[in-house]
Amino acid sequence: MPVGFTKHFEHGALKKKMSDNTTPLVGVVMGSQSDWATMKHATLTLDKLGIGHDARVISAHRTPDLLEEWIGSARDRGIRVIIAGAGMAAHLAGVTAAKTSLPVLAVPLGGGALDGVDALYAMVQMPKGIPVGTLAIGKSGAINAALLAASILALSNPEIAEAYEEFRKEQTEQGVANSIPKD
Ligand code: RP5
Numbered sequence: 003m004p005v006g007f008t009k010h011f012e013h014g015a016l017k018k019k020m021s022d023n024t025t026p027l028v029g030v031v032m033g034s035q036s037d038w039a040t041m042k043h044a045t046l047t048l049d050k051l052g053i054g055h056d057a058r059v060i061s062a063h064r065t066p067d068l069l070e071e072w073i074g075s076a077r078d079r080g081i082r083v084i085i086a087g088a089g090m091a092a093h094l095a096g097v098t099a100a101k102t103s104l105p106v107l108a109v110p111l112g113g114g115a116l117d118g119v120d121a122l123y124a125m126v127q128m129p130k131g132i133p134v135g136t137l138a139i140g141k142s143g144a145i146n147a148a149l150l151a152a153s154i155l156a157l158s159n160p161e162i163a164e165a166y167e168e169f170r171k172e173q174t175e176q177g178v179a180n181s182i183p184k185d
C-alpha cells in the first residue's frame, strides 16, 4: 500500500478515502517566500519519508483571508498535520491552530532583529485551549517538525511507521559508525 493511502475515514457527511500516494497528508505553510530557505528542509524531510505534502506561502498578516480558506479546507483535502513556519511576530501557527483541530507544529524562523527568539516566544506562548507544538528555531526545527509529523501519521499508517523507523535505525547506525574527524 503506498504511503499516503489510509483506510481511515472522516466522521460525518464528508466521508472520503485517500486513494493514492500523491494525496498530501501534511500541510506546510510559511509566512513569506523568505522563509522557504529554511522551511524547504521540512519538505525535503517529508520527501525522504515518502510523505505527500502541500507547501504554501500564506501570511497571517498579509493574506489572512487566504489563510482561513486554506485551513478551512485542509481536513477535507486529506491534510492530517500542519507545519507552520514564520519569523518575527509569528502569529501563523497560533492562528492556524485557532481555526482547526488538526495538530499544528510550529517552526520559529530567524531573520528578524531578534533572530528567531521573537518568533519562538510568539509561537510557544499559546494560551491554554489552543495547543501548538513548537520546535527549535530554524533548520533543526523544520526537520524535526517533519519527523514529528511522520511519527503522528505513523500511528495510523503502517508505511509511514516503517519509513520513520527505518530513518531512526539508519541514524543510529550512522551515529555508532561515527569516528573522531581528522583535522
Ligand atoms: C513573517 O515575517 C514571515 O514569516 C517572515 O519570516 C518575516 C519577514 O517576512 P518578509 O518581510 O521577508 O516577507 O511574517
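When you line the sequence shown up against this note's numbering, it's residues 3 to 185, in that order.
From the three backbone atoms N, C-alpha and C, an ideal C-beta is built for every residue, glycine too.
Using only the alpha-carbon positions, how far apart do residue i and residue j sit?
{"i": "VAL136", "j": "MET125", "result": "The question names Val, yet the displayed sequence has Thr at residue 136. Using only the alpha carbons, I get a separation of about 6 angstroms."}
{"i": "SER61", "j": "GLN35", "result": "10 angstroms"}
{"i": "ILE139", "j": "LEU68", "result": "26 angstroms"}
{"i": "ILE182", "j": "ALA108", "result": "34 angstroms"}
{"i": "GLN176", "j": "ARG170", "result": "10 angstroms"}
{"i": "LEU210", "j": "ALA91", "result": "In the structure displayed, the chain extends from 3 to 185; residue 210 sits before or after that span and is not available."}
So what's residue i in DSSP terms, helix, strand or just coil?
{"i": "THR25", "result": "coil"}
{"i": "GLY87", "result": "strand"}
{"i": "GLY135", "result": "strand"}
{"i": "ASP78", "result": "helix"}
{"i": "PRO160", "result": "helix"}
{"i": "THR174", "result": "helix"}
{"i": "ASP185", "result": "coil"}
{"i": "ALA92", "result": "coil"}
{"i": "LEU150", "result": "helix"}
{"i": "PRO129", "result": "coil"}
{"i": "LEU69", "result": "helix"}
At which residues does the alpha helix (DSSP H) containing residue i begin and terminate?
{"i": "LEU122", "result": "119-126"}
When we look at the beta-carbon of residue i and count the other beta-carbons within 10 Å, is it buried (16 or more) or exposed?
{"i": "ALA76", "result": "buried"}
{"i": "GLY96", "result": "buried"}
{"i": "VAL119", "result": "exposed"}
Looking at the unbroken beta strand (DSSP E) that takes in residue i, where does it start and where does it end?
{"i": "HIS55", "result": "55-59"}
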